[in-house]
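Enquirer: Mind looking over this structure? Questions follow.
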Amino acid sequence: MGDEEEIKSYVTSYLNDLSTLDIENMRSHFSKDIQCFLIGTAENEIFRSFEDVKENIQTQISLGVTYKELYPEFINLEVRNKLAWCCYYLYTTINVNGDGFSFRFRVTLILEKVDNKWYVRQSHGSAPQSGVEEGQSLPSIMGIQEQITHWINNFEVSREITAAEEKKQTELRSYLMKARDIAQSMEAS
């Protein structure tokens, strides 16, 4: 098997472990000597160690998150000696307590071959932003307004939270409504 086929097989194996939330098998895919290896979509979503990833996965398990139909569509895969990088779309359905959401994530990996085995050295995953028009890099004011309205309309306060958490969620909804009003006034001017 050539390097490109090994890497594709490696990615598929990792996705299988992710689909079952098998933390220990997932660990085997990452280099042990790295300091920052996963940057996600959220503003502060930076995992500096596998322990960070493990904690995130344990949180997902506690929230009833499951992944179905994980499969990659490779965009680019380059191999240069013992280094490789690839970009792919990751298609999946994420279920949270029975509610399913389909996503297409964008993933970039930098891999290193050590002792004839590929390991992730750095990765980045993101979900396309709502409000970004086709062919654009940044959301338009109209797109931002639509995204904020979507968040407000789909914002639900969980029944199983403390009074302090409910207060924080209510404040967040209030901030989202203010942000929507600002976006509307910017569009009007």
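Offset between the sequence shown (1-based) and the numbering used here: plus 21. A virtual CB, placed ideally from N, CA and C, is assigned to each residue, including glycine. From a predicted model like this one, the values you see are computed outputs, not experimental measurements.
Indicate the three-state DSSP secondary structure (helix, strand or coil) for Thr41 in the structure shown.
Expert: Taking the first residue of the sequence shown as position 1, residue 41 is located at position 20. It is coil, neither helix nor strand.
Enquirer: With DSSP as the reference, label Lys53 as helix, strand or coil.
Expert: In the sequence shown, residue 53 corresponds to position 32, counting from 1. Looking at Lys53 - three-state DSSP - the assignment turns out to be coil, as it is neither helix nor strand.
Enquirer: What are the residues that DSSP puts in a beta bridge with Leu120?
Expert: Position 99 of the sequence shown, counted from the first residue, corresponds to residue 120. In the sequence as displayed, the identity of residue 120 is Asp instead of Leu. Per the DSSP secondary-structure output, Asp120 pairs in a beta bridge with Val117.
Enquirer: Between which two residues does the alpha helix (DSSP H) carrying Glu72 extend?
Expert: Taking the first residue of the sequence shown as position 1, residue 72 is located at position 51. Segment 71–83, the alpha helix (DSSP H) holding Glu72.
Enquirer: On a CA-only basis, which of Trp139, Ser30, Arg194, Lys199 is nearest Glu94? Give me that one, please.
Expert: Counting from one through the sequence shown, the residue named residue 94 turns up at place 73. Considering only alpha carbons, the answer is Ser30.
Enquirer: So, for Asn77: in the same chain, excluding its five sequence neighbours on each side, which residues have a beta-carbon less than 6 Å away from its beta-carbon?
Expert: Working through the sequence shown from its first residue, we reach residue 77 at position 56. Here the set comprises nothing.
Enquirer: Do you know offhand how far Gly152's Cα is from Asp136's?
Expert: Stepping through the sequence shown from its first residue, residue 152 is reached at position 131. Stepping through the sequence shown from its first residue, residue 136 is reached at position 115. Its pLDDT being 49, under 50, Gly152 is placed unreliably by the model, and the measurement read from it follows with that caveat. Spanning the two alpha carbons is a distance of roughly 45 Å.
Enquirer: Would DSSP call Glu187 helix, strand or coil?
Expert: If you number the sequence shown from 1, residue 187 lands on position 166. The answer is helix: DSSP assigns Glu187 an H, G or I state.
Enquirer: In three-state DSSP terms, what is Ala148?
Expert: Locating residue 148 in the sequence shown gives position 127, where the first residue counts as 1. Coil, per DSSP.
Enquirer: Decide if Leu84 is buried, meaning its Cβ has at least 16 other Cβ atoms within 10 Å, or exposed.
Expert: As a working note, residue 84 is residue 63 in the sequence shown. Flag for Leu84 reads exposed.
Enquirer: Please state whether the Cβ-Cβ distance between Arg240 and Tyr109 is less than 7 Å.
Expert: What the structure shows of the chain is the stretch from 22 to 210, and residue 240 is not part of that stretch, so it cannot be assessed.
Enquirer: Find the nearest neighbour of Tyr88 within the set Ala200, Ile28, Gly119, judged by alpha-carbon distance.
Expert: Here residue 88 corresponds to residue number 67 of the sequence shown, with the count starting at 1. Nearest of Ala200, Ile28, Gly119 to Tyr88, Cα basis: Gly119.
Enquirer: Leaving out five residues before and five after Val100 in sequence, what residues of the same chain have Cβ atoms less than 8 Å from its Cβ?
Expert: Here residue 100 refers to the residue found at position 79 when the sequence shown is read from its first residue. The residues are Asp24, Glu25, Ile28.
Enquirer: Using beta-carbon positions only, say whether Val86 and Val117 come within less than 7 Å of one another.
Expert: If you number the sequence shown from 1, residue 86 lands on position 65. If you number the sequence shown from 1, residue 117 lands on position 96. The answer is yes: Cβ separation under 7 Å.
Enquirer: On the three-state DSSP scale, how would you describe Asn46?
Expert: Within the sequence shown, residue 46 is the residue found at index 25, counting from 1. Looking at Asn46 - three-state DSSP - the assignment turns out to be helix.
Enquirer: If Phe51 sits next to Val141, beta carbons under 8 Å apart, how far is it from one beta carbon to the other, in whole angstroms?
Expert: Taking the first residue of the sequence shown as position 1, residue 51 is located at position 30. Taking the first residue of the sequence shown as position 1, residue 141 is located at position 120. About 5 Å separates the two Cβ atoms, so the contact holds.
Enquirer: Look up Lys29 in the DSSP assignment and say whether it is helix, strand or coil.
Expert: On the sequence shown, residue 29 is found 8 positions in, with the first residue counted as 1. Three-state result, Lys29: helix.
Enquirer: I'd like the list of long-range same chain contacts for Glu133, defined as Cβ closer than 7 Å, with 5 residues on each side in sequence excluded.
Expert: Residue mapping note: residue 133 aligns to position 112 of the sequence shown, counting from 1. The answer, listed in chain order, is Ser52, Lys103, Leu104, Tyr140, Arg142.
Enquirer: Please report the distance separating the alpha-carbon of Met47 from that of Thr113.
Expert: For this step, residue 47 is matched to residue 26 along the sequence shown. For this step, residue 113 is matched to residue 92 along the sequence shown. Roughly 17 Å separates the two Cα atoms.
Enquirer: Keeping to the same chain, check which residues put their C-beta closer than 6 Å to that of Ile44; ignore five residues upstream and five downstream.
Expert: Here residue 44 refers to the residue found at position 23 of the sequence shown. Only Lys75, Ile78 meet the Cβ criterion.
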